[in-house]
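Asks:
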Amino acid sequence: MKKPWNVGLIGCGFMGRAHSNAYRKVGNFFDLAHQPVLKAACARTRSDVTAFAERWGYESTETDWRRLIDRKDIDAIDICTPNDTHREIALAAAAAGKAILCEKPLARTAAEGADMVAAVERHKVPNIVWYNYRRVPAVTLAKQLIDAGRLGKIFHYRAVFLQDWTIAAELPQGGAGLWRLDKNVAGSGVTGDLLAHCIDTAMWLNGGIDCVTAMTETFVKERKHNLTGKVEPVGIDDACAFLARFGNGSLGTFESTRYARGHKALYTFEINGEHASIRWDLHDLHRLEFFDHKDESIVRGWRSIHVTDREMPYMAHWWVPGLQIGYEHSFVHQVADFLNGLAEGRAAAPTFREAQHTQHVCDAVLQSASSRQWVDVPSD
Ligand SMILES: NC(=O)c1ccc[n+]([C@@H]2O[C@H](COP(=O)([O-])OP(=O)(O)OC[C@H]3O[C@@H](n4cnc5c(N)ncnc54)[C@H](O)[C@@H]3O)[C@@H](O)[C@H]2O)c1
Numbered sequence: 002m003k004k005p006w007n008v009g010l011i012g013c014g015f016m017g018r019a020h021s022n023a024y025r026k027v028g029n030f031f032d033l034a035h036q037p038v039l040k041a042a043c044a045r046t047r048s049d050v051t052a053f054a055e056r057w058g059y060e061s062t063e064t065d066w067r068r069l070i071d072r073k074d075i076d077a078i079d080i081c082t083p084n085d086t087h088r089e090i091a092l093a094a095a096a097a098g099k100a101i102l103c104e105k106p107l108a109r110t111a112a113e114g115a116d117m118v119a120a121v122e123r124h125k126v127p128n129i130v131w132y133n134y135r136r137v138p139a140v141t142l143a144k145q146l147i148d149a150g151r152l153g154k155i156f157h158y159r160a161v162f163l164q165d166w167t168i169a170a171e172l173p174q175g176g177a178g179l180w181r182l183d184k185n186v187a188g189s190g191v192t193g194d195l196l197a198h199c200i201d202t203a204m205w206l207n208g209g210i211d212c213v214t215a216m217t218e219t220f221v222k223e224r225k226h227n228l229t230g231k232v233e234p235v236g237i238d239d240a241c242a243f244l245a246r247f248g249n250g251s252l253g254t255f256e257s258t259r260y261a262r263g264h265k266a267l268y269t270f271e272i273n274g275e276h277a278s279i280r281w282d283l284h285d286l287h288r289l290e291f292f293d294h295k296d297e298s299i300v301r302g303w304r305s306i307h308v309t310d311r312e313m314p315y316m317a318h319w320w321v322p323g324l325q326i327g328y329e330h331s332f333v334h335q336v337a338d339f340l341n342g343l344a345e346g347r348a349a350a351p352t353f354r355e356a357q358h359t360q361h362v363c364d365a366v367l368q369s370a371s372s373r374q375w376v377d378v379p380s381d
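Position 130, counted from 1, in the sequence shown is what our numbering calls 131; the numbers after and before it change by one each time, with no gaps.
1) Going by beta-carbon coordinates alone, are F339 and N128 separated by less than 7 Å?
2) Whole alpha helix (DSSP H) runs in the segment 91-143 with 4 or more residues, listed along the chain?
3) What residue does the alpha helix (DSSP H) around Q357 start on, and which one ends it?
4) Out of A344, V38 and K105, point me to the one whose CA is closest to E355's CA.
5) Does the Cβ of F339 lie closer than 6 Å to at least one heavy atom of ligand 1?
6) Taking 6 Å as the cut-off, is the C-beta of N227 nearer than that to any heavy atom in ligand 1?
7) Just mark R88 as buried or exposed, buried being the case when its beta carbon has 16 or more other beta carbons within 10 Å.
8) Which same chain residues, not among the five before or five after A54, have their C-beta less than 6 Å away from its C-beta?
9) Assign L125 to buried or exposed, taking buried as 16 or more other Cβ atoms, counted over all protein chains shown, within 10 Å of its Cβ.
10) Since C241 and V308 should fall inside the 8 Å C-beta cutoff, what is the C-beta to C-beta distance between them, to a whole number of angstroms?
11) Tell me whether the beta-carbon of S369 lies closer than 7 Å to the beta-carbon of T219.
12) Can you tell which of H318, W375 and A77 has its C-alpha closest to the C-alpha of L33?
13) For C363, is the beta carbon positioned less than 6 Å from some heavy atom of ligand 1?
14) Between the segment 91-104 and the segment 197-207, do at least 3 Cβ pairs fall closer than 8 Å?
15) Which parts of the segment 214-272 are runs of the beta strand (DSSP E), unbroken and 3 residues or longer, counting only runs that do not cross its ends?
16) Where does I75 sit, in a helix, a strand or coil, going by DSSP?
17) Specify the secondary structure class of T51 as computed by DSSP and reduced to three states.
18) Below 7 Å CB to CB, which residues in the same chain sit around A139 once its five sequence neighbours on both sides are set aside?
19) Taking 7 Å as the threshold (C-beta atoms), are A100 and A77 in contact?
20) On the criterion of 16 or more Cβ atoms from any shown chain inside 10 Å, does T359 qualify as buried, or is it exposed?
21) Out of curiosity, what's the CA-to-CA distance linking G274 and H157?
22) Could you round the C-beta distance between T258 and D239 to whole angstroms and report it? I think they count as a contact, below 8 Å.
23) Does the beta carbon of N22 fall short of 6 Å from some heavy atom of ligand 1?
24) Report the CB separation of N84 from K40 in whole angstroms; it is logged as a contact under 8 Å.
25) Would you give the residue range spanned by the beta strand (DSSP E) that H307 belongs to?
26) For Q374, which residues from the same chain have a beta carbon less than 8 Å from its beta carbon, with the 5 sequence-adjacent residues on both sides left out?
27) Can you name, in chain order, every residue of its own chain whose Cβ lies under 8 Å from the Cβ of I306, other than the five neighbours on each side?
28) With H, G and I counted as helix, E and B as strand and the rest as coil, what does DSSP make of C81?
29) Looking at the secondary structure, which residues open and close the beta strand (DSSP E) in which T64 lies?
30) Please name the residue or residues paired with I382 in a DSSP beta bridge.
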């Protein structure tokens, strides 16, 4: 008999849907000691949360996250709200002894993140941050190949995350759907939103980043604010590019923008090592490209690995070899790993503490862009 694990989900938007889908599916595909129960959903508007709860099968609803955290029948709080709320909700949830699954970025700044790390560690509550790209099987396979030494010494790490949805100057900032353009809510622009993913994957695959030098640009300087109705300065970075030096001696280049016409979510990375190279593309997420210099020269070349075999990460839980899975499955994998950790009394990665390293890199990137200097990344 599986142990019920009662989820209280806060925020019923994009990630609220992705996580709810994961909680519903995980028990069908993974053998777990716990069974997620969709106990309560929380959003500020009664009609929104009622419709969401009906669609996804939540047993109850709340419109104030504090009431949700106070409830004795909730085991875990899932934070799927905009970035300005993460710290306050996490601190309250930790004090109430709840497990916490927090969306990325952990917080708007490393200072906020530090409070959150301290809170979960003080109250000893299980915690994780949803850097879900680690659990795309092709990305996990990249990690296995690197850890097995297949690339040898790594020289280069190259990542981009390109979008094009904020080019129109008449697009407002702030409020539902557009909070990402409001610096007070988001904390930063593409740095915290998109590069945070690239940085998390990069440090997971290639180790810590020692120092960075960055440039940012805000192409549209003023936009009407949806909540005030006034034209206000835009505080976020629309685009950011930075260079990084990794602790292992390799060089990193990172670029993100919401002004790359034609690109919706082009997240790619390439890693070049002494023996081999690896390339991955979110638009083709079930494939890993691999070049092995050890191959015989007459057949040497980039191969495109279709990551569907049972030996490949997570794939034994899904269909038969040859049939691929997609974006939503990375969230299912994250829940499965978190619950396995819970059952075995160990933390699943990335914990708040690990995600805080990404906050430090983001802060250093923004500081470098403003000072035009190289900035060292604090190690803790
Ligand atoms: N892991 C990923 O790949 C990924 C992708 C998208 C977003 N995110 C992160 O997830 C979080 C949410 O982003 P989203 O795209 O789902 O946003 P969204 O705008 O689609 O949804 C946010 C939801 O939070 C609700 N909300 C806001 N303030 C609230 C409050 N005080 N109490 C209760 N509900 C509140 C909103 O009404 C909305 O339902 C952000 O931190 C974002 O960075 C992560």
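C-beta atoms are modelled at their ideal positions from N, C-alpha and C, and glycine is treated no differently.
Since the structure is predicted, the reported quantities are computational estimates derived from the model, not experimental observations.
Replies: Taking the structure as given:
1) It is not a contact, given that the beta carbons lie outside the stated cut-off.
2) Fully contained in the segment 91-143 are the following alpha helix (DSSP H) runs of length 4 or more, in chain order: 111-123.
3) Segment F353 to S372, the alpha helix (DSSP H) holding Q357.
4) For the residues A344, V38 and K105, the minimum Cα distance to E355 belongs to K105.
5) Incorrect: F339 has no Cβ contact closer than 6 Å to ligand 1.
6) Distance from the C-beta of N227 to the nearest heavy atom of ligand 1 is not below 6 Å.
7) Under this definition R88 is a buried residue.
8) Setting aside the 5 residues that flank it on each side, A54 is surrounded in the same chain by A42 and T62, each with a C-beta closer than 6 Å to its C-beta; the list follows chain order.
9) First, the residue type needs correcting, since residue 125 is Lys and not Leu in the sequence shown. Exposed is the call here.
10) The C-beta distance from C241 to V308 rounds to 30 Å, too long to meet the 8 Å contact threshold.
11) The Cβ-Cβ distance between S369 and T219 does not fall below 7 Å.
12) Out of H318, W375 and A77, H318 has the C-alpha closest to the C-alpha of L33.
13) The answer is no for C363.
14) Taking a contact to require three or more Cβ pairs closer than 8 Å, the segment 91-104 and the segment 197-207 do not qualify as touching.
15) Within the segment 214-272, the complete beta strand (DSSP E) runs of at least 3 residues are 223-225, 232-234, 240-247 and 252-258.
16) In the structure shown, the three-state DSSP call for I75 is coil.
17) Of the three classes helix, strand and coil, the one that applies to T51 here is helix, per DSSP.
18) Annotation for A139: W281, L286, H287, R288, L289 and V308 place their beta carbon closer than 7 Å to its own, counting only its chain and skipping 5 residues before and after.
19) Going by C-beta atoms, A77 is nearer than 7 Å to A100.
20) It counts as buried.
21) G274 and H157 have their alpha carbons spaced roughly 7 Å apart.
22) A Cβ-Cβ distance of about 7 Å is found for the pair T258 and D239, placing them in contact under the 8 Å criterion.
23) For ligand 1, not one heavy atom lies less than 6 Å from the Cβ of N22.
24) Actually they do not touch by this definition, with Cβ atoms about 25 Å apart.
25) Segment R304 to H307, the beta strand (DSSP E) holding H307.
26) Sequence-distant partners of Q374 (beyond 5 residues in either direction) whose C-beta falls short of 8 Å from its own C-beta, in its chain, are T214.
27) The residues are A139, L142, R288, L289, E290 and F291.
28) DSSP places C81 in coil when its eight states are reduced to three.
29) Per DSSP, T64 belongs to no beta strand (DSSP E) and is neither H nor E.
30) Outside the shown range of the chain, which is 2 to 381, sits residue 382, and nothing can be said about it.
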